[in-house]
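Asker:
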Amino acid sequence: MYRTWICAGVLAAAVLGAGANRAADEPDKNVTVTEAKVDALAKAVADQKKVVLVDFWATWCGPCVKKFPHFVDTHKKYKDKGLVCVSVSMDPKGKDDKYDKDAVLKFLKEKGAAFPNFVLLGYQADEEQVNKRFGLDGGIPFQVLFGKDGKRVWTSEEKELTDAELDKLIEAELAK
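Read in order, the letters of the sequence shown are residues -23 to -1, 1 to 153 in mature numbering (1 follows the signal peptide of the UniProt record, and there is no 0).
1. With a threshold of 6 angstroms on Cβ separation, who are the neighbours of residue 127 within its own chain once the five nearest residues in sequence on each side are excluded?
2. Which term fits residue 118, buried or exposed, when burial requires 16 or more other beta carbons within 10 angstroms of its beta carbon?
3. Span of the beta strand (DSSP E) holding residue 12?
4. Residue 81 and residue 29 - do their beta-carbons sit closer together than 9 angstroms?
5. Once you ignore the five residues that flank residue 1 on each side, which residues in its own chain have a CB closer than 6 angstroms to its CB?
6. Assuming contact is defined by CB atoms lying nearer than 9 angstroms, are residue 94 and residue 64 in contact in what I supplied?
7. Using DSSP with H/G/I as helix, E/B as strand and the rest coil, what is residue 70?
8. At what residues does the beta strand (DSSP E) containing residue 32 begin and finish?
9. Between which two residues does the beta strand (DSSP E) harbouring residue 120 extend?
10. Determine the direct distance from the alpha carbon of residue 68 to that of residue 34, and round the result to whole angstroms.
11. Across which residues does DSSP place residue 95 in a beta bridge pair?
12. Please report the straight-line C-alpha distance between residue 59 and residue 70, rounded to a whole angstrom.
13. Three-state secondary structure (DSSP) at residue 138?
14. Is the distance from the Cβ of residue 42 to the Cβ of residue 51 below 9 angstroms?
15. Reducing DSSP to helix, strand and coil, say where residue 143 ends up.
16. Nearest to residue 102 by alpha carbon, out of 74, 32, 46, 54?
17. Which word fits residue 12, buried or exposed, when buried means at least 16 other C-beta atoms lie within 10 angstroms of its C-beta?
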C-alpha cells in the first residue's frame, strides 16, 4: 500500500534531511516523494525558517509540466543561498485520493527534483485549509513564496511574474 501516514515530526525531519543536499552526480537517487495532508505540509514549510518557494503541480497538467524545469533550475540557482524549494503534487483525485505514485516519482526523477517533494492527500476535504495557508484557490500550476518569518510574500495567483521578476523577488527575500 502506498499510503504512509506520517506524523508532522517525521515529515519535518524528511524535509530537513540530507536527501535534499546530496551530491549531484546521481540526482535521481536523491529524489523522493512523501504523502502528506495539509497540516503536515504547512508545518513542514513553516519549520524551515528560510525563504521557501512552493510549487503546486500535477503530472496531468500540461502547463505545470512545462514550468517544472524552471522550478528545478531555481532550486539549483538559490539552494546554497538559503532558498528551500518544495514541490507539491496535486495528482490525487476524488475522495479516495487515487493517483499513480510511480508516475509522480518517475516525473520527479526525470526532472532531477532533488528537494522536498510531497503528494497532497485529502485536498477535496481540506481545500479551505489549503487556500487559507497557501493561497491556492484550485488552479494549478500555482507557486507561493514564503519569507524567512514563514509569512506568505507572493502567490502566482495574486500576480503573475516573469522568471526574471521571480528571481528578483527571491533575491530580495534572501537578502532580508
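Glycine is no exception: its CB is placed at the ideal position from the N, C-alpha and C atoms. Note that the structure is a prediction, hence the values are computed from the model and not measured.
Answerer: Checking against the coordinates, here is how it stands:
1. Same-chain partners within the cutoff: 23.
2. So residue 118 counts as buried.
3. Bounds of the beta strand (DSSP E) holding residue 12 are 11 to 13.
4. Contact: no.
5. Note that residue 1 has pLDDT 42, beneath the 50 cutoff, so the model's placement of it is unreliable and the number below is only indicative. Excluding sequence positions up to five before and after residue 1, its CB lies less than 6 angstroms from no other CB in the same chain.
6. Yes, the Cβ-Cβ distance between residue 94 and residue 64 is below 9 angstroms.
7. Taken through DSSP and simplified to helix, strand or coil, residue 70 comes out as strand.
8. It spans 28 to 34 - the beta strand (DSSP E) in which residue 32 sits, taken as one unbroken run.
9. It spans 119 to 123 - the beta strand (DSSP E) in which residue 120 sits, taken as one unbroken run.
10. Taking C-alpha positions only, residue 34 is separated from residue 68 by approximately 8 angstroms.
11. DSSP lists 11, 65 as partners of residue 95.
12. Their Cα atoms are separated by approximately 33 angstroms.
13. Here residue 138 sits in coil by DSSP.
14. It is not a contact, given that the beta carbons lie outside the stated cut-off.
15. Helix, per DSSP.
16. Residue 102 has its Cα closest to that of 74, out of 74, 32, 46, 54.
17. Label assigned to residue 12: buried.
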